[in-house]
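Report on the following structure.
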Amino acid sequence: MPELSHPVVFTTTTPYPLPSQKFMIPASWKRYQLSQLVNKSLSLLKPVPFEFLVRGEILRTTLGEWCSEKGIGEEETLEIEYFESVMPPQKMSSLPHEEWVSAVTCQVPGYFLTAAYDGQIRVFDYSQKLVQTIPIHDAPATSLTVVGQASTDSDSFLIASASHDLTARITRTTLAEDGSGKPSAQTLASLHLHTAPIASIASTSSGSHLLTASWDNLIGVWDTIIPAADEVPVEDGPERKKRRKNADDNASKPKRKAPLSVLKSHTARVSKAIFAPASNSRAYSAGFDSTVRTWDVENAVCTDTITASSKPFLDIAVSHSGDFVLAASSDRTVTQYDVRSPTSSTSTAALSTATFLHPATPSCIALSPASSSTNSQQFITGAYDGVVRLWDARSARTAVTSFKVWEGQSHGRKVLSVDWAGGVAAVGGEGGVDVWKIGSAQVQN
Amino acid sequence: MATRAIPKNTKKRKAVVVEEDVPAESSFPQDVGLELGSEDEGGADAEGEESDDGEVDEFPEIDARSDSEGPVSDSEDEEDEEDEEEEDEEEDLSDDDEIHIFPKAKTIVSDITGQPKRVYPDIEPDYDSDSSTEDAPNRVGNVPMHWYDDLPHVGYDINGKKVLRPARGDELDKFLETVEDPDSWTTAFDKKAQSDKPLSPEELDLIRRLQEGENPDAAYDPYEPTIEWFTGKGKEEVMPLSGAPEPKRRWIPSKWEKQKVMKIVRAIRQGRIVPNKPKSEKPQFYSVWNDEPSTHPAPLPAPKPRLPTHAESYNPPEEYLPTEQERKDWEETDKEDRERDFLPQKYSALRLVPAYNQFIQERFSRQLDLYLAPRIQRKKLQIDPNSLIPKLPSPSSLKPFPVYKSLSVPHQKGRVRTVSVSPDGGWVASGDESGVCSLWEVLVGREVKRWKFDGKIGAVEWCPRTDVSFFVVGVEDQLHFVVPPNLPTIVLTATLATLCPATLPPQPATPSPVKWTSVAAASYSTDKPVLSVALPPSSGVPKQLTWHRRGDYLATVSGGEGQGGVWIHQISRRHSQAPFQKVKGVVQLVLFHPTRPHFFVATQRYIRIYNLAEQKLLKTLLSGIKWISSMDVHPMGDHLIVGGYDRKLCWFDLELSDKPYKVIRYHTRAIRSLHFHQTYPLFASSSDDGAIQIFHARVYNDLMTDPLIVPLKILRGHEVKEGLGVLSVKWCPRQPWLVSGGADGQVSVWCS
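Same order as they appear, the protein sequences are chains A and B. Residue 115 in the UniProt record's numbering sits at position 115 of the first sequence, and the numbers go up by one each step. Residue 740 in the UniProt record's numbering sits at position 740 of the second sequence, and the numbers go up by one each step.
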């Protein structure tokens, strides 16, 4: 019996284009043979592994099996897009912490910022050196973000952190470049709204606004202008607070800041609120009431609600295009929701375009940093079993790759935060911070 | 035949020889000697045989009479008797002439066969023989005569004329008739004629014969003379089949007979057989009713056998014949399960029916019946096992419920005795036996604060109020009220105002043995308990703490002696009271009713419900549990679950009965803890077998519908240490999440 073959046209956005002609590919070929075909026909010096995308789905089986599964005839010409496949992640370094790390960010180029349960923000550079320790909060810090785009040319940037002490704070950090001075930090403002621990804080890409999500079902919207005077009076608390107020009654005392507006709709704890990419007016939030809400921030109204059934959401991330929202839930799933159309027209089931199943509670999501077309569909999730998984939104069945953090340590390995920038993924959690090289070699350059 | 023929032969021969000189009777043993001699001779002279043959030739001449006389000629007496009989017969015949109903038969010797035969006289065609002239006027036929009961006639004669009913007298006439008419007893009622008819002598004779049990036919002779066809005079076997000499046993006295006789003789001698035993005298007339009536029940009549049906016929109609499929099914089923033990078969004629092939088997089983051996009967339950399983909804349709362990928080040393989840569902306080109480976030599992107390922690419970936030830790003889850190100012102020008010409420008139001490609100710290309540000394570790839903009253149960160890503390008045003067048994647990002022008190075996407002006992629930370990009340307040150390879990419907509505025994070891979810229809039970079982428990407002209890999930993950498993389970409010503390020092959070 002659081997079945399939007509195929290859396309790519990578710098390795094949001539646009029809190939007859044997049906028994898998990714490996296709990748070899591309490498051979281009006679690449260094073999580059490729992943193949057939009709928006990553090819995991043989071509013939895929076709029979989809019911595609032999005659039909398939358009296969290929891109460089993800290299197996490699551990680069680890940044030990005494305390659990609740948040980690790589938004400042060359540095890792971590928020820990001792209320301190730590700044590490890429050589694993602890550059700075900023004691901002008395209570565990839960979330951390860099306000605006921190540029490499300036040493100082604003960070916003949220904490169990019911406040979020904006701190200006000045890093001492090339050892010219001591790194310094000054807490400029404290954000007073919430009456319960704040779960997360997020800023717009421009750095003009902040969103805080709290356990008290509220989302606060803040600007980042530091007021000249306290906007919120000091509450008549017990003696202790008064004493402390008197103690640091000086110019450097953080200004008490009130929110621009409050977004109220959630009926349970809000896990995270984020801005839509490149937008100051649109925000998404997810909470324990199993809803993903879309907000018009300027008018402080909830424009759209996606209600899932019994899915307390723990984290949310929005795709670079702003079309999809990924939400991690405590029922061990990460679900992708389509937020382009209002939910009144379609059912919730139709909106969940893909579900990524985890063996443990997924606690955090980080999207691929590159907004290029090849890797923009990828994201990593950290889970309580200490495994960080790299997913491609186009293949929900299995993770593209995964790696275990804090291998060989006795304590628990819950991952509480991941961040991914420039081919480097920082994973924060119970065992401190691990830094892994992840993503294709191209991006890493 | 031959052996029998020989003696007769010899006898006959002897008769031939001896007849002239010895006409007297000859006894058998005497003959024997002669016989032997004659036997010997018999072989020598064939001529004698020849002459015998000549005699045989004459055989047809012998008439029946001489034939019958032949065998009896040996004995003169018998011949006499025969003669007498003959005479009797003659008389009978003469008697029969008059009254015989049948025509008299004559016995003649047939010309052809030479056999006697019975010949009946010809019917003379005279008027008497013609029945048509007989007076049988009623030609109505064989119809029920009561058809004519109401009519004046009783039928129709041959001409179709009505035969009128003869006049009949009344009963008195009848009676007189019987008296006057000597022949009235021989009359019978003729139905056809509807009148009395005298019976003929033949009929009377017939009746007499039937009465006496004789053959009704007067001509029948039961004692007809024997006709010897092959034996007797002149019929001896000329050529014996065997020439063997007569065996000795033929002529020596039988040994066995002698033994038998001797046995009887011996029995007579020993008196076992009494020859002329006097018959037991039974009076000829006696009272029938003197004997006690039998108390035995009359023997049951045998059940009537079922009548055969068409299917059992040898030639059943076609529709009774089994089809191929039916035949196959029948052969496939077991013998015991067959509806009938045969298959209908069709034979065109009865002679084609084969022998019954189950004959041996059937006989064998009949023998078994007689032997009182029961036939083997296979006990087979015709119950579909699936039908026994109650119809329960599938667990997947009852989501959400906890299915996996999300995280676990270790306690370094000591078993975790108790866990409690804050009313907002965000925090867990867990206490272990080494006195460490830790506060941690449910979702992350990060310990935020830790307190160290002296002695074991027996119970930890959050105050259910939402405007204040604190929890109570029960340690040895003490209750500590602890405020968690990072509270909003309003809540903190309210909490401190509740726990350590600036102005203490007035002391009650009667001094209580319970001491309340609190720190000043100004100098409060989260590291130390804000308020401490010292229970009476030696009251032991509080086993249980339970809050009233309003958060003002707190009930504690201590392990120690005295007043049952039950105290109710009122926070606002800073006052403690012992609700019971005297309690029967050791109080295990107490609970506040969620809506009514009722108070549940569980002793070792019973649960008593008190009305606190009216100060009286409402109800006593009988759990049937040997030792109650845990108890929880449904948030609606009408249902109570009770767990015991004997592995049983009882569900009480308080409206229904004092007995458990349902007893569930799914755990393999003692039940340690039970908890109802406040909002979801769920409850959990934990046990020393290291497992937590999740149940769906839907309670209907409608009183007619029983609560629906569905086991959902067994959560395993806790290790059993020193025989102790999961000691405490608590639900997270608002989420279907479960927090469990185990003897292995782990506190786990189970998520849906």
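Ideal placement from N, C-alpha and C gives every residue a C-beta, glycine not left out.
Between which residues of its own chain and residue i is the CB-CB distance below 6 Å, once the five residues before and five after are set aside?
{"i": "H677(B)", "result": "W731"}
{"i": "E39(B)", "result": "Note on E39(B): pLDDT 40, under 50, position unreliable in the model; the coordinate value appears next. Result list for E39(B): empty, nothing under 6 Å."}
Cβ of residue i less than 8 Å from any chain A Cβ?
{"i": "Q412(B)", "result": "no"}
{"i": "I500(B)", "result": "Checking the sequence, you will find Cys at residue 500(B) rather than Ile. Answer no: the Cβ-Cβ gap between C500(B) and chain A never drops below 8 Å."}
{"i": "S422(B)", "result": "no"}
{"i": "Q615(B)", "result": "no"}
{"i": "P485(B)", "result": "yes"}
Which residues share a DSSP beta bridge with residue i?
{"i": "Q507(B)", "result": "Answer is none; Q507(B) lacks a bridge partner."}
{"i": "D196(B)", "result": "F189(B)"}
{"i": "K713(B)", "result": "I694(B)"}
{"i": "E57(A)", "result": "V54(A)"}
{"i": "F580(B)", "result": "Beta-bridge pairing links F580(B) to no other residue."}
{"i": "T353(A)", "result": "None; T353(A) has no bridge partner."}
{"i": "E441(B)", "result": "W427(B)"}
{"i": "Q570(B)", "result": "Y553(B) and H575(B)"}
{"i": "F592(B)", "result": "F599(B)"}
{"i": "C364(A)", "result": "G382(A)"}
{"i": "E461(B)", "result": "V472(B)"}
{"i": "H480(B)", "result": "V473(B) and S532(B)"}
Hey, how far is the Cα of residue i from the Cα of residue j?
{"i": "D638(B)", "j": "E433(B)", "result": "34 Å"}
{"i": "Y661(B)", "j": "S363(A)", "result": "43 Å"}
{"i": "D392(A)", "j": "G644(B)", "result": "52 Å"}
{"i": "P536(B)", "j": "K584(B)", "result": "20 Å"}
{"i": "residue 754(B)", "j": "P395(B)", "result": "Past the edges of chain B, shown from 1 to 752, lies residue 754(B), and the structure says nothing about it."}
{"i": "E212(B)", "j": "E224(B)", "result": "20 Å"}
{"i": "F652(B)", "j": "M704(B)", "result": "15 Å"}
{"i": "E124(B)", "j": "P317(B)", "result": "53 Å"}
{"i": "W516(B)", "j": "A684(B)", "result": "35 Å"}
{"i": "I383(B)", "j": "I714(B)", "result": "29 Å"}
{"i": "L78(A)", "j": "S35(A)", "result": "16 Å"}
{"i": "R698(B)", "j": "P303(B)", "result": "56 Å"}
{"i": "L151(B)", "j": "N159(B)", "result": "19 Å"}
{"i": "A228(A)", "j": "K257(A)", "result": "10 Å"}
{"i": "S5(A)", "j": "Q377(A)", "result": "30 Å"}
{"i": "Q115(B)", "j": "V109(B)", "result": "5 Å"}
{"i": "S261(A)", "j": "V234(A)", "result": "20 Å"}
{"i": "V143(B)", "j": "E202(B)", "result": "26 Å"}
Are the C-beta atoms of residue i and some chain B residue less than 8 Å apart?
{"i": "Y126(A)", "result": "no"}
{"i": "S376(A)", "result": "no"}
{"i": "V101(A)", "result": "no"}
{"i": "P49(A)", "result": "no"}
{"i": "K272(A)", "result": "no"}
{"i": "A300(A)", "result": "no"}
{"i": "S20(A)", "result": "no"}
{"i": "S310(A)", "result": "yes"}
{"i": "P135(A)", "result": "no"}
Give every residue of the same chain whose Cβ lies closer than 7 Å to the Cβ of residue i, excluding the five residues on either side of it in the sequence, and list them in chain order.
{"i": "G287(A)", "result": "H266, A268, R269, V270, S271 and F313"}
{"i": "T186(B)", "result": "P198, L199 and L204"}
{"i": "K452(B)", "result": "G435 and V436"}
In chain order, what residues of the same chain lie with their CB nearer than 8 Å to the CB of residue i, ignoring the 5 residues before and after it?
{"i": "E69(A)", "result": "T61"}
{"i": "S205(A)", "result": "G148, Q149, F275, P277 and A278"}
Taking only heavy atoms of the ligand HEM into account, decide whether any of them is closer than 7 Å to the Cβ of residue i.
{"i": "D424(B)", "result": "Inclusion of the ligand HEM in the displayed structure is not the case, the ligand content being empty and no account of it being possible."}
Closer than 8 Å is the cut-off here; do at least three beta carbon pairs connect the stretch 356-372 of chain A with the stretch 290-307 of chain A?
Between the stretch 356-372 of chain A and the stretch 290-307 of chain A there are fewer than three C-beta pairs closer than 8 Å, too few to call the two in contact.
Is the stretch 664-673 of chain B touching the stretch 687-707 of chain B in the sense that three or more CB pairs, one from each, lie closer than 8 Å?
By the Cβ criterion, the stretch 687-707 of chain B is in contact with the stretch 664-673 of chain B, since at least three pairs of Cβ atoms, one from each stretch, lie closer than 8 Å.
Evaluate the contact criterion for the stretch 410-429 of chain A versus the stretch 77-84 of chain A: three or more CB pairs, one atom per stretch, below 8 Å.
No: the two stretches stay apart, fewer than three of their Cβ pairs being nearer than 8 Å.
Using 8 Å as the cut-off, can you tell me whether the stretch 90-98 of chain A makes contact with the stretch 25-41 of chain A, which would need three or more C-beta pairs spanning the two stretches below that distance?
Contact between the stretch 90-98 of chain A and the stretch 25-41 of chain A is absent, with fewer than three C-beta pairs closer than 8 Å.
Say whether the stretch 135-143 of chain A touches the stretch 156-167 of chain A, bearing in mind that this needs 3 or more beta-carbon pairs closer than 8 Å, one atom from each stretch.
Judged by Cβ distances under 8 Å, the stretch 135-143 of chain A makes contact with the stretch 156-167 of chain A, as three or more pairs qualify.
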